[in-house]
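Novice:
Shown next, in the form of structure tokens:
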């Protein structure tokens, strides 16, 4: 466990102390200690910054779309995989759906551009058949659905691992008893499967709410310039362009700190709701 513990201790918990630059006019060449204090000036500026609110709104819209369209997909895929009776076939299908997770976002974005770009495979087929081409890559109106489609293709298979582990813990005798009582597939799913894995669903939903403002830095930094900041800017890219590239380190850190604080509050509230509903949640 030592490597994992050291990783989180150094790069997650240890790095929390550097959040103090959100309250300073931080200059890397001077250092954190000698940089002048700015108090809450960065936060006051941030809440009146149109660019920040635009990035926050884009982040919330994409997070909501991911929660609605992506979150149920791994569960549905896990249910389909669990229903395959042949073990070799099930293992083969699992291996296939896991593979996209290990492909870098650079390759994934390039694949989608080759297929859906203006000179891609899809438009080539449409042009060969005398049909009008569709403008997807670089279209601000299609940007958010495209991001969701990429996430589903890349990570839906990987997301089935926890659900499959939970499904294997369901007592098979409950399915047999329900079938004897005349319950069909839908009733067995609704009254046996979902109640059995409800604690796992609650846990994953709470954790997802905690990351609701983190929608994937690599995916968006690679495609932001295709549609411009108005459609493609999210909080993570806002922090990067403002703090790292723009040199306004304190302002970028303030935006990142607000994102983390909102995530912590959402986890706390969702955990309280889970306790009220009789679930264990993330912590007691």
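In the UniProt record's numbering, the protein residues as written are 1 to 284.
Every residue, glycine too, gets a C-beta built ideally from N, C-alpha and C.
I need the DSSP call for residue 36, collapsed to helix, strand or coil.
Specialist: Three-state DSSP puts residue 36 in a strand.
Novice: Entirely within the stretch 31-94 and at least 4 residues each: give me those alpha helix (DSSP H) ranges in chain order.
Specialist: DSSP runs (the alpha helix (DSSP H)) wholly in the stretch 31-94: 41-47, 50-65, 72-82.
Novice: Once you ignore the five residues that flank residue 252 on each side, which residues in its own chain have a CB closer than 6 Å to its CB?
Specialist: Excluding residues within five positions, the ones whose Cβ falls inside 6 Å are 239, 242, 243.
Novice: Please report the residue range of the alpha helix (DSSP H) in which residue 147 lies.
Specialist: Here the alpha helix (DSSP H) through residue 147 covers 140-155.
Novice: Under the DSSP definition of a beta bridge, which residues are partnered with residue 25?
Specialist: Residue 25 pairs with 36.
Novice: Measuring CB atoms only, is the stretch 51-63 touching the stretch 123-138, in the sense that at least three cross pairs come out at less than 8 Å?
Specialist: Segments in contact, no.
Novice: If we call anything under 8 Å between Cβ atoms a contact, is residue 274 one with residue 164?
Specialist: No.
Novice: Straight-line CA distance for residue 162 to residue 188?
Specialist: Between residue 162 and residue 188, the C-alpha separation is close to 20 Å.
Novice: Going straight from the alpha carbon of residue 11 to that of residue 1, what length do you get?
Specialist: So the two alpha carbons sit approximately 16 Å from each other.
Novice: Does DSSP put residue 231 in a helix, a strand or coil?
Specialist: Three-state DSSP puts residue 231 in a helix.
Novice: Just mark residue 285 as buried or exposed, buried being the case when its beta carbon has 16 or more other beta carbons within 10 Å.
Specialist: Residue 285 cannot be examined here, being either before or after the span of the chain that is shown, 1 to 284.
Novice: Do you know whose CA, among 247, 84, 271, 259, lies nearest residue 26's CA?
Specialist: If we check each option's Cα against that of residue 26, 247 comes out closest.
Novice: Given a cut-off of 8 Å on the beta-carbon distance, is the pair residue 232 and residue 217 in contact?
Specialist: Not closer than 8 Å, so no.
Novice: Buried or exposed for residue 224, please, with buried defined as at least 16 other CB atoms from any protein chain shown within 10 angstroms of its CB.
Specialist: Residue 224 is buried by the Cβ-count criterion.
Novice: Going by CA-CA distance only, name the one from 22, 3, 7 that's closest to residue 261.
Specialist: It is 22.
Novice: Quick check on residue 72: buried or exposed, where buried means 16 or more other Cβ atoms within 10 Å of its Cβ?
Specialist: Classification of residue 72: exposed, given that the 10 Å Cβ count is below 16.
Novice: List in chain order: all unbroken alpha helix (DSSP H) runs of 4+ residues lying wholly within the stretch 162-196.
Specialist: Runs found: 172-180, 185-188.
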